[in-house]
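So the structure is just underneath, and the comments pick up after that.
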Amino acid sequence: MPLAIAVIDDWQAVARDVVDWSPLTAVGEVTFVHHYPADTVTLSQRLASYQVLCVMRERTLFDAALLRRLPNLKLIVTGGMRNAAIDLKTAAELGIQVCGGDSYKHAAPELTWALIMALSRNLLVEAHSLRNGGWQVGLGRDLHGRTLGVLGLGSIGERVARFGQAFGMRVIAWSENLTEARAADVGVARVEKQALFEQADVLSVHVVLSERSRGLVDAQALAWMKPDALLVNTSRGPIVDEAALIDALREQRLGGAALDVFAVEPLPAGHPFRELPNVLATPHVGYVSEANYRTFYTQMIEDVLAWQAGSPIRVMA
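For the sequence shown, the working numbering gives the first residue as 3, with consecutive numbering after it.
Rendered as structure tokens:
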């Protein structure tokens with residue numbers, strides 16, 4: 003019997019054209035479902051008929067309540083090998099296989115550096131001034147000779163650190179598991195947590211979200227920062243205490259923030275991050291690039307075909 007396959011979370015309606023989905027016609031019918039997240043009852047009604055769901059990382063929440071309302075669901079395939087929006091334990095209990103994939107490693111670091119540049123040179127305000135008939139309105143900050151603090155020196159943090167080095171910045175790093183040897187391999191100085199926040203002119207967040215890292219950038223960490231320092235977060239929203247950050251920005255105890263991730267996504271209407279003048283906010287586009295989407299969707303197709311053939315690949319525990 004042919005599989006009913008749904009591609010969801012396609013907020014920009016681009017999935018159909020990014021890759022060739024025709025290989026899946028051999029095993030089923032693919033439907034592109036163009037809806038934003040909804041409540042559990044609505045989602046269960048919308049997705050009830052599908053055996054396979056192709057989902058984008060951490061958009062729709064597949065918690066126990068939703069998974070138990072999808073009795074036909076047999077397989078979820080997702081972009082990346084981490085998806086905190088999927089309750090893997092409940093999926094396993096219900097016999098739902100979950101498979102992931104690799105990602106294009108350059109998309110998030112490039113977006114991070116674009117935000118650093120735009121925030122430091124006040125590009126959004128300058129561009130708006132020009133569009134509205136004005137001219138120069140401010141004075142940009144320099145990066146050369148300044149200190150870049152990298153919170154988390156994994157694959158993304160390393161790339162951001164190397165960009166900083168190319169711009170002539172002094173680069174320092176800290177995370178709970180960062181060793182002197184790892185920092186030396188990247189050519190950066192390992193410092194303690196407080197020193198990272200105190201010394202950074204730009205602090206960029208690149209740790210994985212976990213119970214240990216949730217709220218890691220709290221009111222105390224923000225208080226350690228220089229009053230003109232810039233905070234950049236392209237990792238996960240809950241790593242930063244949003245209430246504490248909003249207070250620091252409103253009271254101008256921080257020079258500014260560039261944010262691509264938030265505690266609640268999509269970011270609610272009227273949220274302070276949409277309105278604060280010292281915030282540059284983008285709608286979680288760090289992984290939204292042509293190369294990354296091609297990687298995600300190509301491997302989702304491979305996952306479905308391998309699972310249908312009885313040999314699942316890239317299984318998420």
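Note that the Cβ used here is the ideal one computed from N, Cα and C, for glycine as well.
Beta-carbon spacing of residue i, residue j below 8 Å
| i | j | result |
| --- | --- | --- |
| threonine 92 | leucine 69 | yes |
| alanine 175 | arginine 192 | yes |
| serine 206 | isoleucine 241 | no |
| serine 51 | arginine 71 | no |
| valine 209 | leucine 218 | yes |
| isoleucine 315 | valine 21 | no |
| leucine 153 | leucine 282 | no |
| valine 263 | serine 291 | no |
| alanine 8 | valine 43 | no |
| tryptophan 310 | valine 29 | Sequence inspection shows glutamine at residue 310; the tryptophan mentioned does not correspond to that position. Taking 8 Å as the Cβ cut-off, glutamine 310 and valine 29 qualify as a contacting pair. |
| glycine 312 | alanine 109 | no |
Residue closest to residue i, alpha-carbon to alpha-carbon, out of the options
| i | options | result |
| --- | --- | --- |
| arginine 123 | Glu60, Gly312, Gly288, Asn280 | Asn280 |
| arginine 252 | Glu277, Gln310, Gly272, Asp220 | Glu277 |
| leucine 232 | Glu304, Gly312, Thr114 | Thr114 |
| valine 54 | Gln14, Cys101, Leu211 | Cys101 |
| glycine 147 | Leu117, Pro314, Ala168, Leu153 | Ala168 |
| aspartate 11 | Ala94, Leu117, Thr80 | Thr80 |
| leucine 117 | Arg255, Glu292, Val287, Ala260 | Ala260 |
| arginine 296 | Glu194, Val190, Ser105 | Ser105 |
| leucine 180 | Leu49, Thr284, Leu155, Trp23 | Leu155 |
| threonine 149 | Leu198, Ser131, Glu182, Gly103 | Leu198 |
Reduced DSSP category for residue i - H, G, I as helix; E, B as strand; rest coil
| i | result |
| --- | --- |
| valine 162 | helix |
| leucine 26 | helix |
| alanine 129 | helix |
| isoleucine 98 | coil |
| asparagine 235 | strand |
| threonine 300 | helix |
| valine 263 | coil |
| tryptophan 226 | helix |
Neighbourhood of residue i by C-beta distance below 8 Å, restricted to the same chain and skipping five residues each side
| i | result |
| --- | --- |
| lysine 228 | Glu200, Ala202, Asp203, Gly257 |
| leucine 63 | Pro39, Ala87 |
Residues that DSSP places opposite residue i in a beta bridge
| i | result |
| --- | --- |
| isoleucine 88 | Phe64 |
| valine 152 | Ala175, Ser206 |
Chain-order list of residues whose beta-carbon lies under 6 Å from that of residue i (same chain, five-residue window excluded)
| i | result |
| --- | --- |
| glutamine 196 | Trp226 |
| arginine 61 | Asp11 |
| proline 274 | Ile248 |
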